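Just so we're aligned, residue 1 is where the sequence shown starts under full-length UniProt numbering, counting upward by one.
Quick reminder that beta carbons are idealized off the backbone N, C-alpha and C, glycines included.
All figures in this text were calculated on a predicted structure; none of them were measured in a lab.
Contents: one structure, followed by commentary.
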Amino acid sequence: MIHAEKLEKARSLLISTTLSINEISQMCGYPSLQYFYSVFKKAYDTTPKEYRDVNSEVML
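Spelled out as structure tokens, the structure:
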């Protein structure tokens, strides 16, 4: 899976599931949670948690 596809899958999972951010990062092939946060923040100018909090479709 290429980089953009991994990020898009992660964004989708963040807003449509209650999986932990760590589980999502692993499912999308990131070697560590810290690396996932770094890549996500660089791409979207927000952290995965902030993104989920603002855009979530699931009642957490």
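Could you check whether residue j and residue i sit closer than 8 Å to each other, using their CB atoms as the reference points?
{"i": "K49", "j": "C28", "result": "no"}
{"i": "Y51", "j": "Y44", "result": "yes"}
{"i": "T47", "j": "Y37", "result": "yes"}
{"i": "I21", "j": "L7", "result": "no"}
So, is residue i buried or exposed, given that buried needs 16 or more other C-beta atoms within 10 angstroms?
{"i": "S25", "result": "buried"}
{"i": "residue 127", "result": "The structure shown does not extend to residue 127, since the chain is modelled only from 1 to 60, so the question has no answer here."}
Roughly how many angstroms lie between the CA atoms of residue i and residue j, to the nearest whole one?
{"i": "P31", "j": "A4", "result": "16 Å"}
{"i": "N55", "j": "I15", "result": "6 Å"}
{"i": "S12", "j": "K42", "result": "17 Å"}
{"i": "E23", "j": "T17", "result": "11 Å"}
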